[in-house]
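Colleague: First the structure, then my questions, so here it is.
In this note's numbering, the protein residues as written are 87 to 198.
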């Protein structure tokens, strides 16, 4: 998948427009994760620089829950978390149980 293809697929004319509409949520060793509020039926979209895309979240918080679930399922932690929502307080998507274990491993996250 190319940058232009993903931008067009998410309803944007250019890669630059997609980036302007997106916010960086986290970074890990493999990629950078973004959240975008699209004007398409996809609604809130979680995607990364490896072009993994998770569609159709009703809210930004739902997309953040998906990202937390992805980190938990891989037993990894983000190197950088860039959202004012406290990662420790986001419930995992499928378990529905609040889990503080990941955030307790990293206490040096900074918010910009």
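Just so it is clear, CB atoms sit at the ideal spot from N, CA and C, and this is done for glycine as well. Please read these numbers as outputs of a predicted model, since none were measured by experiment.
(1) Looking at the unbroken beta strand (DSSP E) that takes in residue 108, where does it start and where does it end?
(2) Tell me where the alpha helix (DSSP H) around residue 156 begins and ends.
(3) Figure out for me which residue from 134, 111 and 170 has the closest Cα to the Cα of residue 93.
(4) With a Cβ-Cβ cutoff of 8 Å, do residue 118 and residue 110 count as a contact?
(5) Quick check on residue 133: does DSSP put it in helix, strand or coil?
(6) Within the same chain, show all residues whose beta-carbon is closer than 7 Å to that of residue 116, passing over the 5 residues directly before and after it, in chain order.
(7) Find out if the Cβ-Cβ distance for the pair residue 112, residue 153 is shorter than 8 Å.
(8) Identify whether residue 122 lies in helix, strand or coil by the three-state DSSP scheme.
(9) If you follow the beta strand (DSSP E) that residue 140 is in, where does it begin and where does it stop?
Modeller: On the basis of the supplied data:
(1) As a first step, residue 108 is located in the chain shown; it is residue number 22 there, counting from the start. Counting along the chain, the beta strand (DSSP E) containing residue 108 begins and ends at 108 to 113.
(2) Numbered from its first residue, the chain shown carries residue 156 at position 70. Looking at the DSSP string, the run of the alpha helix (DSSP H) that includes residue 156 is 146 to 160.
(3) Translated into the one-based positions of the chain shown, residue 93 becomes position 7. Comparing Cα-Cα distances from residue 93 to each of 134, 111 and 170, the minimum goes to 134.
(4) Working through the chain shown from its first residue, we reach residue 118 at position 32. Working through the chain shown from its first residue, we reach residue 110 at position 24. Contact: yes.
(5) By 1-based counting over the chain shown, the position of residue 133 is 47. Strand.
(6) Position 30 of the chain shown, counting from 1, holds the residue named residue 116. These residues qualify, in order along the chain: 136.
(7) By 1-based counting over the chain shown, the position of residue 112 is 26. By 1-based counting over the chain shown, the position of residue 153 is 67. Closer than 8 Å, so yes.
(8) Taking the chain shown and counting its residues from 1, one reaches residue 122 at position 36. Residue 122: strand per DSSP, three-state reduction.
(9) For this step, residue 140 is matched to residue 54 along the chain shown. Element bounds for residue 140: 139 to 143.
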